[in-house]
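Residue numbers (this note's numbering), protein chains in the order written: chain F, 41 to 329; chain Y, 180 to 513.
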Amino acid sequence: MKRGVARPPALRDPWWLALPLILVALAFAALFLLLPLVAVFGYAFEKGWDVFVTAIGDPDAREAIRLTVQVAAISVPANLVFGIAAAWLVTRFEFRGKGLLVSLIDLPFAVSPVIAGLVYVLLFGLHGWLGEWLAERDIHVIFALPGIVLATVFVTFPIVARELIPLMQAQGDEEEQAARTLGASGFTMFWRVTLPKIGWGLLYGVILCNARAMGEFGAVSVVSGHIRGLTNTMPLHVEILYNEYQSTAAFAVAALLALLALVTLVLKHAIGWRIARTTSDESSTEARP
Amino acid sequence: MRIRLRNSWLAVLLAASTSAIAADVTLLNVSYDPTRELYRDVNAAFAAQWKQQSGDTLTIRQSHGGSGKQARSVIDGLQADVVTLALSYDIDGLHENGNLVPADWQKRLPDNSAPYTSTIVFLVRKGNPKQLKDWNDLVRDGVGVITPNPKTSGGARWNYLAAWAYARRTLGSDDAARDFVTKLYRNVPVLDTGARGATTTFVERGQGDVLLAWENEALLAVREIGKDRFEIVVPSLSILAEPPVSVVDKVVDKRGTRAVAESYLRFLYTPQGQELAAKHHYRPRDRSVAEKYAADFPALTLVTVDEAFGGWHRAHQTHFADGASFDRIYVPGR
Numbered sequence: 041m042k043r044g045v046a047r048p049p050a051l052r053d054p055w056w057l058a059l060p061l062i063l064v065a066l067a068f069a070a071l072f073l074l075l076p077l078v079a080v081f082g083y084a085f086e087k088g089w090d091v092f093v094t095a096i097g098d099p100d101a102r103e104a105i106r107l108t109v110q111v112a113a114i115s116v117p118a119n120l121v122f123g124i125a126a127a128w129l130v131t132r133f134e135f136r137g138k139g140l141l142v143s144l145i146d147l148p149f150a151v152s153p154v155i156a157g158l159v160y161v162l163l164f165g166l167h168g169w170l171g172e173w174l175a176e177r178d179i180h181v182i183f184a185l186p187g188i189v190l191a192t193v194f195v196t197f198p199i200v201a202r203e204l205i206p207l208m209q210a211q212g213d214e215e216e217q218a219a220r221t222l223g224a225s226g227f228t229m230f231w232r233v234t235l236p237k238i239g240w241g242l243l244y245g246v247i248l249c250n251a252r253a254m255g256e257f258g259a260v261s262v263v264s265g266h267i268r269g270l271t272n273t274m275p276l277h278v279e280i281l282y283n284e285y286q287s288t289a290a291f292a293v294a295a296l297l298a299l300l301a302l303v304t305l306v307l308k309h310a311i312g313w314r315i316a317r318t319t320s321d322e323s324s325t326e327a328r329p
Numbered sequence: 180m181r182i183r184l185r186n187s188w189l190a191v192l193l194a195a196s197t198s199a200i201a202a203d204v205t206l207l208n209v210s211y212d213p214t215r216e217l218y219r220d221v222n223a224a225f226a227a228q229w230k231q232q233s234g235d236t237l238t239i240r241q242s243h244g245g246s247g248k249q250a251r252s253v254i255d256g257l258q259a260d261v262v263t264l265a266l267s268y269d270i271d272g273l274h275e276n277g278n279l280v281p282a283d284w285q286k287r288l289p290d291n292s293a294p295y296t297s298t299i300v301f302l303v304r305k306g307n308p309k310q311l312k313d314w315n316d317l318v319r320d321g322v323g324v325i326t327p328n329p330k331t332s333g334g335a336r337w338n339y340l341a342a343w344a345y346a347r348r349t350l351g352s353d354d355a356a357r358d359f360v361t362k363l364y365r366n367v368p369v370l371d372t373g374a375r376g377a378t379t380t381f382v383e384r385g386q387g388d389v390l391l392a393w394e395n396e397a398l399l400a401v402r403e404i405g406k407d408r409f410e411i412v413v414p415s416l417s418i419l420a421e422p423p424v425s426v427v428d429k430v431v432d433k434r435g436t437r438a439v440a441e442s443y444l445r446f447l448y449t450p451q452g453q454e455l456a457a458k459h460h461y462r463p464r465d466r467s468v469a470e471k472y473a474a475d476f477p478a479l480t481l482v483t484v485d486e487a488f489g490g491w492h493r494a495h496q497t498h499f500a501d502g503a504s505f506d507r508i509y510v511p512g513r
């Protein structure tokens, strides 16, 4: 829909239909989204700033935060590279089995995270396919950092690619072709033409990917082994604290995660707005929401 | 982090070969859910003692979760030096899958390798408004009993067996016991899947008049949630739970941590370790410590699963397998 252009009266919804729908939507958002968010921060600061700081400063909590950042720092770049490669392949080339590849990219969205974790246990566990071989060489995959990274990469696999594919399809490859005919090398073309074109969409995907990587619970829970101060990520640490009747500390760490979600939301909106503006400047192509 | 870990393992190996040099040693204790607070204190106390004894700096890491799930993780390769679980059945699993411990693991330490015990008690609302004193009060009309589903919860099986053992002792036969337990489960408004869920149903949602719970969990709940809201009732007879401990032979032999892991478990039997167990609401084995804390742990008749039900395998077959006693007793919505 184009902004600023009023629709003719015949196409407008009657107020008695629009008003209740708007109210229901707002009430829903307030009840199921806003209220829990307020509750998280409310509980976190219930006993004051000092308790909050102590909870975050606890050695196990600090280690959980460090591990979470470390896991995101490895899995997000990995998925960034994969996402660009996959989107490039899918939008610029025609080949057999392309449909299959696109479906495979979506697989992690379709399967339960618990399965995602169990798959790696079956592969790398002591009784898994590679278990013996790894044990003989004293290499630890599951119940250690590599396993947590693998599970996170699996779950966040489609996010960047899913952002880029529609964008690159809409943009077409005329500029790239022009660059090649003017004698640019493949790398120059990618760096000077493609990357600036997809830049904002890429950033959008990376932010979503990061949010999911830091927040993932199910898959990580299966492969973590729950060793405190070693293999517990922030979401796992929240659960542990809650089960130990340390509600305030649990919500303090949860508030930190929620804060990340809020930052993500703001960034996402800013970038979404940027993309909408650049694409509507360049062409009449429908902007991404 | 991996690198740091690898280094510390190297240090352990070095210490094992040269043993005169002080080193950094790490142990991993894989345990079940309610022992978190207990082992936090035990680890600090033992690390201090070990430092004095050997000069090594010992870091003990903890992993907690449902007992069966934790055993599964160790079978799948979680590098536990010691396991401290809820049921001997779970440690038997470590022997059956991958021979991580020998078959006779339970004979290696005193008291069936269980340094502390616990039992099933009643948690009731303040003032005990329905006057629930013993198991036979739970089958009265209009009493709401909260207990999880024995099909899915380990704790719930102890509850079920405790009620059964009481009924058989007082009424004389298994048939009478079946009737008794059937009546009791008719008073259960909702079967949660786990012990923590049942506690929430009773404590937060205010359902039921009595919660069947572990003594240590009930004492902890009273302490954490408030003495003014709940109180504990100890029945005349209940079941003796013996949560066992063991070193994981395959892991300690590979990592060279057998000596420290074994001392760690033996520490649990020392007066100091027994004091800590008692402080965290587990019944100590040590006589003198038990006398000291007698006020916390009222005397009652305790029966073991081995004497009353012929061991866990038999109990499972008779009561909890598909089509066994429990399936015939409990018909939802009746």
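Using N, Cα and C, we set each Cβ at its ideal position, and we do this for glycine too. The structure displayed is predicted, hence computed values, not measured ones.
Going straight from the alpha carbon of residue i to that of residue j, what length do you get?
i, j, result
"residue 115 of chain F", "residue 189 of chain F", "6 Å"
"residue 283 of chain F", "residue 343 of chain Y", "30 Å"
"residue 518 of chain Y", "residue 488 of chain Y", "No statement about residue 518 of chain Y is possible, as the shown extent of chain Y runs from 180 to 513 and does not include it."
"residue 239 of chain Y", "residue 206 of chain Y", "5 Å"
"residue 471 of chain Y", "residue 465 of chain Y", "10 Å"
"residue 211 of chain Y", "residue 285 of chain F", "16 Å"
"residue 184 of chain Y", "residue 180 of chain F", "Summary for residue 184 of chain Y: the model assigns pLDDT 47, below 50, so the residue's position carries little reliability; its value from the coordinates is reported in the next sentence. Distance between the alpha carbons of residue 184 of chain Y and residue 180 of chain F is about 11 Å."
"residue 346 of chain Y", "residue 491 of chain Y", "19 Å"
"residue 252 of chain F", "residue 75 of chain F", "21 Å"
"residue 131 of chain F", "residue 187 of chain F", "32 Å"
"residue 166 of chain F", "residue 358 of chain Y", "46 Å"
"residue 426 of chain Y", "residue 437 of chain Y", "8 Å"
"residue 406 of chain Y", "residue 397 of chain Y", "11 Å"
"residue 194 of chain Y", "residue 83 of chain F", "Since pLDDT at residue 194 of chain Y reaches only 45, below the 50 mark, its modelled position is unreliable, and no value is offered."
"residue 249 of chain Y", "residue 227 of chain F", "50 Å"
"residue 279 of chain Y", "residue 272 of chain Y", "9 Å"
"residue 137 of chain F", "residue 169 of chain F", "28 Å"
"residue 109 of chain F", "residue 259 of chain F", "17 Å"
"residue 217 of chain Y", "residue 266 of chain F", "17 Å"
"residue 386 of chain Y", "residue 316 of chain F", "53 Å"
In the DSSP assignment, the beta strand (DSSP E) including residue i goes from what residue to what residue?
i, result
"residue 291 of chain Y", "Taken as a continuous stretch (DSSP letters only), residue 291 of chain Y belongs to no beta strand (DSSP E), as it is neither H nor E."
"residue 283 of chain Y", "Counting along the chain, residue 283 of chain Y falls outside any beta strand (DSSP E), and DSSP gives it neither H nor E."
"residue 211 of chain Y", "203–211"
"residue 393 of chain Y", "389–393"
"residue 19 of chain F", "No information on residue 19 of chain F is available, as it lies outside the stretch 41 to 329 that chain F covers here."
"residue 480 of chain Y", "480–482"
"residue 263 of chain Y", "261–263"
"residue 426 of chain Y", "424–426"
Quick check on residue i: does DSSP put it in helix, strand or coil?
i, result
"residue 206 of chain F", "helix"
"residue 95 of chain F", "helix"
"residue 104 of chain F", "helix"
"residue 562 of chain Y", "Since the first residue of chain Y shown is 180 and the last is 513, residue 562 of chain Y is not available in this structure."
"residue 267 of chain F", "strand"
"residue 52 of chain F", "coil"
"residue 365 of chain Y", "helix"
"residue 221 of chain F", "helix"
Determine the chain F residues that contact residue i at a beta-carbon separation under 7 Å, and present them in chain order.
i, result
"residue 492 of chain Y", "Chain F residues near residue 492 of chain Y: none, gap ~23 Å exceeds 7 Å."
"residue 257 of chain Y", "183 and 265"
"residue 215 of chain Y", "284"
At 9 Å on the CB atoms, spell out the chain F contacts of residue i, in chain order.
i, result
"residue 254 of chain Y", "165, 166 and 167"
"residue 277 of chain Y", "166 and 167"
"residue 462 of chain Y", "Simply none; closest approach about 22 Å."
Using a threshold of 9 Å, state whether the C-beta atoms of residue i and residue j are closer than that.
i, j, result
"residue 289 of chain F", "residue 276 of chain F", "no"
"residue 499 of chain Y", "residue 362 of chain Y", "no"
"residue 374 of chain Y", "residue 323 of chain Y", "no"
"residue 260 of chain Y", "residue 430 of chain Y", "yes"
"residue 392 of chain Y", "residue 505 of chain Y", "no"
"residue 133 of chain F", "residue 200 of chain F", "no"
Run down chain F in chain order and give the residues with a C-beta less than 8 Å from the C-beta of residue i.
i, result
"residue 459 of chain Y", "Chain F residues near residue 459 of chain Y: none, gap ~13 Å exceeds 8 Å."
"residue 403 of chain Y", "285"
"residue 466 of chain Y", "Within chain F, no residue comes near residue 466 of chain Y; the closest Cβ sits about 31 Å away, beyond 8 Å."
"residue 375 of chain Y", "283"
What residues of chain Y sit near residue i, judged by a beta carbon separation below 7 Å?
i, result
"residue 266 of chain F", "242, 243 and 244"
"residue 161 of chain F", "255"
Please list the terminal residues of the continuous alpha helix (DSSP H) segment that includes residue i.
i, result
"residue 251 of chain Y", "246–254"
"residue 381 of chain Y", "374–382"
"residue 280 of chain F", "274–283"
Cβ closer than 9 Å: which chain Y residues qualify as neighbours of residue i?
i, result
"residue 171 of chain F", "255 and 256"
Taking Cβ-Cβ distances shorter than 7 Å, what residues in chain B pair up with residue i?
i, result
"residue 207 of chain Y", "Any reference to chain B falls outside this structure, whose protein chains are F and Y."
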